[in-house]
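Let me begin by presenting the structure, written as structure tokens, before commenting on it.
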């Protein structure tokens, strides 16, 4: 029996959604490596025709804006989820861990200044700042956060974690979690009793950066 028009339309929409997911993931990889890369590099990595990409995004700036806004929305969602945690310090530290794991800050740092933000992005950025401040103040009220820390230190902390990168994505995640633990210990007033997570960096583990690129 032939497909009904409704089923055909639903199938096309599902395929379009899959294509969009593939395009965004390809764009994330391409532009994290080189924000100046052409949009054609995204289509090539995604395995789609350039026309399929342009049907969804008018140009490179639209694609960059979408990537950054998605990261901002993820940040807001993680902060909102953390506020439901009853323990103030756990809420604060778990929020940072989830943002680091999601690699939200890499996009922010690499793509800043490459597009014009929308008003909606501005509102979401204000919401993100409000939520982060609320979590920060809860951590301070718990007595676990050192009194000379300011909420802007969180941006530096997240940038430091995002800067940790090795060719293996799983190992990158391990090293970032370890770096986060080191930085959180510096912000905490309590004794550092928990062992640092993950295998420690090995001698020569970052030497790959010095290999000549052809």
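Numbering (my numbering), first residue to last: 1 to 214. Using N, Cα and C, we set each Cβ at its ideal position, and we do this for glycine too.
Taking residue 171 as reference, the option from 197, 147, 114 and 132 with the minimal CA-CA separation is 197. Distance from the Cα of residue 146 is smallest, within the candidate group 31, 191 and 68, for 191. Residue 85 and residue 25 have their C-alpha atoms spaced approximately 30 Å apart. Residue 64 sits close to residue 115, with the two beta carbons spaced by under 7 Å. Residue 75 sits close to residue 99, with the two beta carbons spaced by under 7 Å.
For residue 169, the enclosing alpha helix (DSSP H) has its first and last residue at 169–187. Contact between residue 131 and residue 92 does not hold, since the beta-carbon distance rounds to 11 Å and is not under 8 Å. Boundaries cannot be given for residue 142, as no alpha helix (DSSP H) includes it and DSSP labels it neither H nor E. In this structure the stretch 99–113 does not lie against the stretch 47–59, because fewer than three pairs of beta carbons, one per stretch, are closer than 8 Å. Spanning the alpha carbons of residue 22 and residue 151 requires a straight line of approximately 35 Å.
Counting the other Cβ atoms within 10 Å of the Cβ of residue 212 gives fewer than 16, which makes it exposed. By the CB criterion at 7 Å, residue 166 and residue 176 fall outside the cutoff. Take the alpha-carbon of residue 107 and the one of residue 69: they are about 10 Å apart. Per the coordinates, the alpha-carbon of residue 194 lies some 29 Å from the alpha-carbon of residue 128. Put simply, the backbone Cα of residue 159 is about 28 Å away from that of residue 20. Between residue 157 and residue 183, the C-beta gap is smaller than 7 Å, which places the two residues in contact. The C-alpha of residue 44 lies about 29 Å from the C-alpha of residue 206. Around the beta carbon of residue 138, 16 or more other beta carbons sit within 10 angstroms, so the residue counts as buried. Rounded to the nearest whole angstrom, the CA to CA distance from residue 48 to residue 140 is 49 Å. Within the stretch 27–78, the runs of alpha helix (DSSP H) at least 4 residues long that lie entirely inside it are, in chain order, 39–46 and 50–56. Taking 7 Å as the cut-off, the Cβ atoms of residue 95 and residue 77 do not count as close.
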